[in-house]
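> Going by the numbering used here, the first residue of the sequence shown is number 75, and it counts up by one from there.
Where a beta carbon is used, it is the ideal one built from N, C-alpha and C, also for glycine.
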Amino acid sequence: MNATPTTFRKRLAVGAVTGLAVVGGIVGVSAYAAPTAVAEAEPVDAIAVAEVQEDGVRASNSLTHEAAMAVLDAAQEKAAELDQRVTVTIVDRDGNTVAMVKGDGAGPQSPDSAEAKAYTAVSWGQATSDLTNAAKGNGPSIADIPGTLFLAGGVPVVFDGAPIAGIGVGGAPSGDIDEEIALAGLAALEDLEG
75 MNATPTTFRK RLAVGAVTGL AVVGGIVGVS AYAAPTAVAE AEPVDAIAVA EVQEDGVRAS
135 NSLTHEAAMA VLDAAQEKAA ELDQRVTVTI VDRDGNTVAM VKGDGAGPQS PDSAEAKAYT
195 AVSWGQATSD LTNAAKGNGP SIADIPGTLF LAGGVPVVFD GAPIAGIGVG GAPSGDIDEE
255 IALAGLAALE DLEG
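(1) Taking just the CA atoms, how far does K152 sit from G227?
(2) How would you label G240, buried or exposed, when you count the other beta carbons within 10 angstroms and need 16 or more for buried?
(3) If I follow the unbroken alpha helix (DSSP H) through I251, where does it start and stop?
(4) Buried or exposed, going by whether 16 or more other CB atoms sit within 10 Å of the CB of R167?
(5) In the DSSP assignment, find the beta strand (DSSP E) that holds T163 and state where it starts and stops.
(6) CB L146 to CB A173, shorter than 8 Å?
(7) For V196, does the three-state DSSP call read helix, strand or coil?
(8) What three-state label does DSSP hand I216 in the structure shown?
(9) Would you report the Cα separation of D265 and D157, rounded to the nearest angstrom?
(10) Check the DSSP bridge columns for S176 and list the partner residues they point to.
(11) G130: buried (16+ other C-beta within 10 angstroms of its C-beta) or exposed?
(12) How many Å lie between A201 and A124 at the Cα?
(13) Which first and last residues belong to the beta strand (DSSP E) in which V231 is found?
(14) What are the start and end residues of the beta strand (DSSP E) that includes V243?
(15) Just the C-alpha distance for P214 and P185, rounded to the nearest angstrom, thanks.
(16) Would you kindly report the start and end of the unbroken alpha helix (DSSP H) that includes S203?
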């Protein structure tokens with residue numbers, strides 16, 4: 075037997091009140107125990123998918139997994155050679171972290187520092203040590219941009235004349251040491267076979 079819309083609404087209202095009573099911590103028995111009708115689902119229209127033409131698509135370059143691992147390994151090897159405990163971070167062109175290694179004994183601030191340096195380097199396409207003067211001064215400066223850090227230790231990765239990634243190192247007692255470690259990671263990219 076099919077329920078009429080009015081009957082269905084009554085059953086739904088009674089069921090809702092009973093449900094609220096149970097949720098509220100009151101246990102009760104419904105005064106109306108007739109079987110309830112299950113409403114048939116309305117068919118859902120398919121969502122249209124737009125096929126984008128070439129004019130609406132931009133290709134971007136990024137480091138491969140192999141390249142990112144080579145950077146991390148070379149940088150951590152340099153850190154060990156210098157007896158430093160650091161974090162090395164790689165971000166993509168959009169500033170998203172794609173790889174990070176926190177070395178044994180690296181300080182708790184080092185991941186944030188490394189990520190901010192990598193982000194800053196890829197954002198401006200320059201080493202963070204070259205940007206420190208631009209971040210100084212009285213009044214607003216580029217240092218006011220959230221997520222940036224203008225201490226040495228961040229270097230950009232450039233491909234075909236444009237930055238595609240940033241390498242950041244944090245945790246050494248001096249930005250110059252962080253930068254030396256980051257440059258060792260960058261140099262590893264030159265050794266990769268293409």
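Let's see:
(1) Spanning the alpha carbons of G227 and K152 requires a straight line of approximately 13 Å.
(2) buried
(3) 249-264
(4) buried
(5) 161-166
(6) yes
(7) helix
(8) helix
(9) 24 Å
(10) The identity of residue 176 in the sequence shown is Lys, whereas the question assumes Ser. According to DSSP, which records beta bridges pairwise, K176 is partnered with T161.
(11) exposed
(12) Whole-angstrom Cα-Cα distance: 40 Å.
(13) 228-233
(14) 236-244
(15) 26 Å
(16) Where S203 is concerned, the enclosing alpha helix (DSSP H) stretches over 202-205.
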